[in-house]
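Chemist: For the sequence shown, the numbering used here begins at 13 and goes up steadily by one. Cβ atoms here follow ideal geometry from the backbone N, Cα and C, with glycine treated the same way. Model, not experiment: these values are computed from the prediction.
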Amino acid sequence: MDRIVRKIDGYSLTLARKLIEDGSLVAFPTETVYGLGANAYLDDAIKEIYNAKKRPLDNPLIVHIHKDFDLDGIVFDNDFAREIRKHNLPALTLVYKSKNTVSPYVSCGMETLAVRIPESEFAQQFLRFVDLPVAAPSANLSKHTSPVTAEHVYADFGESVPLILDGGRCDGGIESTVIDVTGDTPIILRKGLVTKSDIINIVGACEYASDDSTLNARSPGTKYRHYTPKIQTEFFDSNNLDGAVNLYLQLEKLGKRVCFMSDGAVAKKLDGYNVFDLGQSGVQMANRLYYMLHEAEKRYDVIIGISLSVDSDLVLSVNNRFLKAFAK
Ligand code: TXA
Ligand code: MG
């Protein structure tokens, strides 16, 4: 692990640049989750991402660039996007009409290209050093929980990724909001830390992609199973805590190591049991969700999720992942 996971310094960045130029994979931190990066200009490098992740071939990738990279070289920019970008929102990905200058495998042949300019200083340092568009999905095996530490990346890929840049734990904790800006109104394809009201405040309008068929066509990734821990999962409504506790006790009798996961209010009611408390605010829950799913996986055999009370757009974004993680 020592050879693969490296702190971000002049040496590791030089290594990263060489690997990306040569078409190899490099994992790197962003303010949301770790990405598994490859040179967006090279077909074989992009195919390697799909191979390594065992990712379905119709689920397009996000291209990451540094703040001074020539965006016009890869997409058709527009007024909405310019206005939104002025605000330097972290954890945001915009989908543009592509100029088809990057590998067609990045967008799986679609006419659009998703581009993210991460706010994280480590991500910017890496992208500036490389000075290429870097396509990167979250650095986890397809379907598994997304990684928020370098160790999580290593646990999924081991030695098959030659370099993991270690920037500590990602604060954001869930993936970027993906917004299509190719039409008359910005459309949210994937919910995240940037909310609908954030965008309405900037450009006066924003919608959620309405029905599942629109969403699947526009953002194929949303139709797949996601974020699933490797241990047994069970799920209960917070109205049925007695049922959840009964199951917990039954499983314990069978010799299983069991834990609960829910928001702060539910966690308080489960005092005395093993509980992962996601906290109360959307920001706190986002920061903890994947980290705690990884922790649960390391220490327990069964995790029982209890429904979250959704009282804001941000909690809605977290809940979207929470429900998928526990979906059967
Ligand atoms: O925070 C993030 O977004 C992380 C970090 C590494 O940047 N990346 C990430 O990538 O979550 P991934 O591959 O796990 O998810 C990318 C999402 C998928 O839902 C995919 O369908 C959507 O973005 N997407 C990518 N390109 C698209 C496009 N051209 N049009 C619509 N949706 C697109
Ligand atoms: Mg992902």
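#1: Is Glu-43 near the ligand MG, judged by its Cβ being under 7 Å from some heavy atom?
#2: On the DSSP letters alone, give me the boundaries of the alpha helix (DSSP H) that Arg-311 sits inside.
#3: Beta carbon of Gly-185: closer than 7 Å to some heavy atom of the ligand TXA?
#4: Do Glu-43 and Glu-131 come within 8 Å of each other at the CB atom, strictly closer than that value?
#5: Does the beta-carbon of Ser-188, which I'm using as the reference point, lie nearer than 7 Å to any heavy atom of the ligand MG?
#6: Report whether the distance from the Cβ of Ser-150 to the nearest heavy atom of the ligand MG is below 7 Å.
#7: Determine the contact status of Asp-249 and Ser-319, defining contact as a CB-CB distance below 8 Å.
#8: With three or more C-beta pairs closer than 8 Å as the rule, is the stretch 44-51 touching the stretch 145-159?
#9: Report buried or exposed for Ala-221, applying the criterion of at least 16 other Cβ atoms within 10 angstroms of its Cβ.
#10: Using DSSP bridges, identify the partner residues of Ile-86.
#11: Three Cβ pairs or more, each shorter than 8 Å: is that satisfied between the stretch 327-335 and the stretch 261-270?
#12: Less than 7 Å separating the Cβ of Ser-119 from some heavy atom of the ligand MG?
#13: If we count the other Cβ atoms within 10 Å of its Cβ and call it buried at 16 or more, is Gly-170 buried or exposed?
#14: Hey, Pro-241 and Thr-157 are a contact pair by Cβ (cut 8 Å); roughly how many whole angstroms apart?
#15: I'd like to confirm something about Leu-201: is its beta-carbon nearer than 7 Å to some heavy atom of the ligand TXA, or not?
#16: What is the C-beta distance between Val-193 and Asn-90, in whole angstroms, given that I count them as a contact (C-beta under 8 Å)?
#17: On the criterion of 16 or more Cβ atoms from any shown chain inside 10 Å, does Asp-56 qualify as buried, or is it exposed?
#18: According to DSSP, what are the bridge partners of Asn-51?
Modeler: So, from the listed chains and residues:
#1: Because no heavy atom of the ligand MG lies under 7 Å away, the Cβ of Glu-43 does not count as near it: no.
#2: Element bounds for Arg-311: 294-311.
#3: No, the ligand TXA has no heavy atom inside 7 Å of this Cβ.
#4: For the 8 Å CB-CB criterion, Glu-131 and Glu-43 form a contact.
#5: Within the chosen limit of 7 Å, the ligand MG does not reach the beta carbon of Ser-188 with any heavy atom.
#6: Because some heavy atom of the ligand MG lies under 7 Å away, the Cβ of Ser-150 counts as near it: yes.
#7: One thing to note: Asp-249 has its Cβ within 8 Å of the Cβ of Ser-319.
#8: Touching, yes, given that three or more Cβ pairs across the two stretches are closer than 8 Å.
#9: Buried is the call here.
#10: Its beta-bridge partners do not exist; DSSP assigns none.
#11: No, the stretch 327-335 does not touch the stretch 261-270.
#12: Not so, every heavy atom of the ligand MG lies at least 7 Å from the Cβ.
#13: The residue in question, Gly-170, is exposed, as its Cβ has fewer than 16 Cβ neighbours within 10 Å.
#14: Going by Cβ atoms, the distance from Pro-241 to Thr-157 rounds to 6 Å, so yes, they are a contact pair.
#15: Yes, the ligand TXA has a heavy atom inside 7 Å of this Cβ.
#16: Cβ atoms of Val-193 and Asn-90 come within 8 Å of each other, at about 6 Å.
#17: Its Cβ having fewer than 16 others within 10 Å, Asp-56 is exposed.
#18: Bridge partners of Asn-51: Val-146.
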